[in-house]
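FYI, the numbering for the first sequence is 300 to 486, going by our numbering. I have placed the structure first, in the form of structure tokens, so that the comments after it can refer back to it.
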Amino acid sequence: MFSGNGTNLKIKLLTDIMDPKRLAREFYVRDVLVVAPELPGKYMVIKLPDGSLTRFKVTEVEAYRGAEDQACHAYKGRTSRTEIMYSEGGSLYIYLIYGMYWMLNIVTGGKDNPQAVLIRGVEDHPGPGILTKSLGINKSFYGEDLVESQRIWFEDRGLVQPVKNGPRIGIDYAGEYWKSRPWRYFL
DNA sequence: TCAGTGATTAGG
DNA sequence: CTAATCACTGAG
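This is the structure:
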């Protein structure tokens, strides 16, 4: 008769009342090419290592779209590192690059559709490795659920700014076609 | 332009 | 076990 889970609906309604700005599951469970261009201008809220809750405007992101995208980690198949990308959108995919820098990604789309958005920059912290280093984001954030987490989430604070786009950065290993996809979005 | 740095992965 | 790879950054 009624669809859905009653307990989850109750939690969602209470969450909306207490925290109306937090982006809900529905935001993330859409194609990455719909989600990614909507992220610049949204706010990342994070509990910093000193315990303070701080907001940063998202300035630059990139979309990585499924097993056919030669630039996407899922192109090489399902591994323990990329496992979280195969879950329903709304959690974090974190990995280490060049032995030094943690990369912050938001999983998008439905289950078994491996997609993610790389957060390349937030205000005052341009650069994907710079922002994670200065905000204390590391592997302990792997799999964090942005809908329920009390230490990191994203908000729509009503800001609307024009979003530009262009090719993704640092993916020379991908073929010309995938290198030229204009899937980087920035303010 | 190029070295630093180490987790992750495939392969033997 | 080995070796290759790597969605980056900062120095020169």
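Glycine included, every Cβ here is placed at the ideal spot set by N, Cα and C.
Looking at residue j and residue i, is the spacing between their C-beta atoms short of 9 Å?
i: I418; j: V328; result: no
i: L338; j: I405; result: yes
i: A332; j: W482; result: Inspection of the sequence shows that residue 332 is occupied by Leu rather than by Ala. It is a contact, given that the beta carbons lie within the stated cut-off.
i: I345; j: G442; result: no
i: G420; j: F485; result: yes
i: E422; j: K341; result: no
i: L403; j: F440; result: yes
Measuring CA to CA, which of the options is closest to residue i?
i: N412; options: Y484, E443, E367; result: E367
i: A473; options: K341, R364, P425, K346; result: R364
i: S390; options: Q369, W401, Y374, A415; result: A415
i: P336; options: P461, R450, I470, D471; result: P461
i: I429; options: D349, Y400, T407; result: Y400
i: E426; options: G350, E361, T353; result: Sequence inspection shows Gly at residue 426; the Glu mentioned does not correspond to that position. Ranking the options by Cα distance to G426, first place goes to E361.
i: L352; options: G457, S448, L458; result: S448
According to the neighbour-count rule (16 or more other Cβ atoms, all chains shown, within 10 Å of its Cβ), is residue i buried or exposed?
i: Y476; result: exposed
i: R321; result: buried
i: G468; result: Sequence check: residue 468 is Ile here, not Gly. The residue in question, I468, is exposed, as its Cβ has fewer than 16 Cβ neighbours within 10 Å.
Going by beta carbon distance, what residues of the same chain come within less than 7 Å of residue i, once the five residues before and after it are set aside?
i: S479; result: P466
Taking 6 Å as the limit between beta carbons, can you name the residues of its chain near residue i, skipping five residues before and five after?
i: K438; result: I393
i: R324; result: G389, V446
i: E490; result: No answer is possible for residue 490: the residues shown for the chain start at 300 and end at 486.
i: K463; result: F485
i: D318; result: none
My output table needs one value for residue i: the three-state DSSP class, helix, strand or coil.
i: W482; result: coil
i: D318; result: coil
i: R380; result: coil
i: I468; result: coil
i: R324; result: helix
i: E361; result: strand
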